[in-house]
Amino acid sequence: MAPLRYLFLLGAAFASSAAASKIQLPEATGQYGVQVTSTKLVDHSRVDPFSPDNSKRALMVSSFAPMVCQNTEYVQYMPPAVAAANDAHFASVGIQDGTFGSFQIASCTKSHSGGADHPLFPLMIFSPALGVSRLLYQATLQAVASHGYVVVSVDHPYDANVVQFPDGSVIRGRAKEIKSDPTLMQQDFWVRVADLGFVLDELSKPDQQVVPRSLSGSVNYDNISAAGHSLGGAAAAQTMHNNTRYAGGINLDGVMLGPVISEGFSRPFLEFSSTTTSQRRNDTWTEFLSSLEGWKRELLLDDSKHLTFTDLPLLFDNAPSAEQVRSNAQTLIGSLAGQRVRAIISAYVAPPSSSMPRGSSRRC
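The working numbering numbers the first residue of the sequence shown as 354 and each following residue consecutively.
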């Protein structure tokens, strides 16, 4: 039995080592390099309704800034607490401990903006799905930014599975509780809408700290879009309804909520769905689209599932035991290759006020 035990331990050690080694995700393919940074923001005007100690609402945001890169380095894809939570969450599909902590993403470390002759960069603010970290969209949003867009993604504490702040402190999410309680769901929805409004206000300040200073004067604040996945897409639409500064918006596979469903607006909006069956989504989309007076489109991504719109297809393609993980996860993320998903989504999830696909509802 000793040789068998030795082989078992050797195999386990090899698997652990494979997960612990650094995995560099493919760089984005647009004309610009991208600088990826994270920032903590505190809204001193709001008490966080989910906080047990009535603290002010604190957020983590990520900035994806297009740059002409002089030097690129690979940096941590997500901090330890968020990585560990995702390892545990996706263990059922074969993800090994240490996998999410091993992922790295390219970021410009020495760069300058596109120069005085480049056009102003449109701005997009992105809200993730319920229970999902903003960090699980980084590769996709990096790809959007590489085509000449400034993108800022927002974590919603107590909603995202884990939010880790620069000092190492952590807020655990309440997604299961929120999903099961309609009152909490409505509260969470409106907190998200307020978060998106606050982030735009912060970005509009002359001394803003989110987007790199090298891009000062290069952001087009007349071309701002709101985008999101699932509940984030619903929050993006309601944010557009509430704030006319937003020139366009995108909802990735989210059931609509709020007065915007029946009241609509007159600016461009894109609905992008997976093949996951959802009658509630379809019903709210039908009513919402009929209330819109501006440019609107509904797209369907073939061979996709609800979580296809995250980085998971790309991450699982690059994870240890990738073939087995992809097979186990097909009901979650569909069958499209991660690079293909990233290319499709980044092509369509561009600020809709500047460039949207032409034609009627269609499949991709």
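Beta carbons: idealized from backbone N, C-alpha and C, even for Gly.
Remember, predicted model here, so these are calculated numbers, not experimental data.
CB of residue i within 8 Å of CB of residue j, strictly
i	j	result
G550	D512	no
V572	V564	yes
Q377	V435	no
L488	R545	no
A580	A589	yes
D606	S578	no
D450	V507	no
G454	P472	no
Q457	Y490	no
S374	V421	no
G647	P673	no
Y502	P481	no
A492	R695	yes
Run of the beta strand (DSSP E) containing residue i, from where it starts to where it stops
i	result
E624	622-626
I577	572-582
V505	503-507
Q517	515-517
I603	599-605
R566	Counting along the chain, R566 falls outside any beta strand (DSSP E), and DSSP gives it neither H nor E.
Three-state class that DSSP yields for residue i in the structure shown
i	result
R695	helix
G454	helix
V552	helix
L488	helix
A700	helix
E646	coil
E426	strand
P673	coil
P475	strand
V343	What the structure shows of the chain is the stretch from 354 to 717, and residue 343 is not part of that stretch, so it cannot be assessed.
M538	helix
I448	coil
L610	coil
E380	coil
A459	strand
L653	strand
S464	strand
S680	helix
Same chain, Cβ closer than 7 Å to residue i, five either side skipped, listed in chain order
i	result
V504	F417, M477, F479, L494, V497, A498
A528	L483, G484, D512, N514
T661	S627, L654, I686, G687, L689, V694
Cutoff 8 Å; reference residue i; Cβ partners in own chain excluding five residues on either side
i	result
S391	M413, V414, S415, S416, P519
E616	H594, S644
Q677	G447
P612	Q591, H594
Close-in-space but distant-in-sequence residues of the same chain around residue i (CB under 6 Å, 5 per side omitted)
i	result
A459	E380, T425, Y427
F641	M609, I614
R410	D396, R399, D401
W638	E624
R634	V608
P510	V516, I524
M538	I531
G383	S499, H500
Residue i: first and last residue of the uninterrupted alpha helix (DSSP H) it sits in
i	result
D396	Counting along the chain, D396 falls outside any alpha helix (DSSP H), though it belongs to the beta strand (DSSP E) covering 386-400.
I531	528-533
V435	433-442
L685	683-686
CB contact below 8 Å: residue i versus chain B
i	result
L537	The chain inventory of the structure shown lacks chain B, comprising one protein chain alone.
field: Segment contact flag, the segment 591-611 with the segment 547-567, C-beta cutoff 8 Å, min 3 pairs
entry: yes
field: Cβ contact check for the segment 661-674 and the segment 432-451: 3 or more pairs under 8 Å
entry: yes
field: Stretch-stretch touch, CB-based, cutoff 8 Å, three pairs: the segment 675-694 with the segment 651-658
entry: yes
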